[in-house]
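Peer 1:
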Amino acid sequence: MKVLYFAWLRQKVGRGEESVDAPGTVRTVGDLAAWLATRGGGYADAFADMKRLRAALNQEHVDFGAPVKA
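Read in order, the letters of the sequence shown are residues 54 to 123 in the numbering used here.
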């Protein structure tokens, strides 16, 4: 799946976008954020406080319980 990062999140992870192959346990936006945090470095820092994050799927704002698909 393609993941885009904006603003300060982009600075923390060091890129604006990437394609990821998330494990099958990643079923929601929240799961994806938690999995990205395990990648260490800037990812751990960027995803440490989920209250500071906003998410969108296919250009629509969603909450962290929204399901994700590859």
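Heads up, the beta-carbon is just placed ideally off N, CA and C, and yes, glycines get one too.
#1: Under 9 Å, do A108 and V82 count as touching if we go by C-beta distance?
#2: Tell me whether L85 is buried or exposed, calling it buried when 16 or more other Cβ atoms sit within 10 Å of its Cβ.
#3: Please identify the residue among D116, Q112, A87, N111 whose C-alpha is closest to the C-alpha of A101.
#4: Would you kindly report the start and end of the unbroken alpha helix (DSSP H) that includes A75?
#5: Mind checking which residues open and close the beta strand (DSSP E) that includes V56?
Peer 2: Well, looking at it:
#1: The count along the sequence shown starts at 1 and reaches residue 108 at position 55. The count along the sequence shown starts at 1 and reaches residue 82 at position 29. Their beta carbons are under 9 Å apart, which means A108 touches V82 by this criterion.
#2: Taking the sequence shown and counting its residues from 1, one reaches residue 85 at position 32. With 16 or more other Cβ atoms within 10 Å, it is buried.
#3: Here residue 101 refers to the residue found at position 48 when the sequence shown is read from its first residue. Nearest C-alpha to A101: A87.
#4: One-based indexing of the sequence shown puts residue 75 at position 22. Premise fails: A75 is in no alpha helix (DSSP H) and is neither H nor E.
#5: For this step, residue 56 is matched to residue 3 along the sequence shown. For V56, the enclosing beta strand (DSSP E) covers residues 55-57.
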